[in-house]
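Read through the structure below, which is laid out as structure tokens, and then see the notes.
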Amino acid sequence: MGKLVVPSDISLLEEKQTVGRRRLSVLERLGLMTMPPMIHWNYTKNDKHDMRQVLQRQYDLSCSDPATDIVVRRQESIRKR
């Protein structure tokens, strides 16, 4: 029996708050390239493709919406990883 993978609430929120694409810095690209591949038995951690998708999103920083603050903080925590 196959499993159905559905997007999480944070993924939907990120997609809704996105206003464009952001270029990755050289160090961000280097960090993503040096990550070892991840085997997914359970989808609990982000692999390098998921991290790249999160880092490439651009958000409106002048917006005072708390949802924007949440996604920007998540992006910063992934950037520092």
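Read in order, the letters of the sequence shown correspond to residues 137 to 217 in this note's numbering. C-beta atoms are modelled at their ideal positions from N, C-alpha and C, and glycine is treated no differently.
Residue burial is scored here from C-beta neighbours: Leu191 has at least 16 other C-beta atoms within 10 angstroms and is therefore classed as buried. In the structure shown, the three-state DSSP call for Gln192 is coil.
Under the DSSP assignment, Arg158 falls outside any alpha helix (DSSP H); it carries neither an H nor an E label.
Taking C-beta atoms under 8 Å as the contact rule, Thr154 and Tyr195 qualify, at a distance of about 7 Å. Sorting Ser161, Gln189, Ile146, Ile175 by C-alpha distance to the C-alpha of Pro202 places Ile146 at the top. Out of Arg157, Leu168, Glu164, Tyr179, the CA that lies nearest to the CA of Leu140 is found in Tyr179. Contact between Leu149 and Val207 is confirmed by a C-beta separation of about 6 Å, below the 8 Å threshold.
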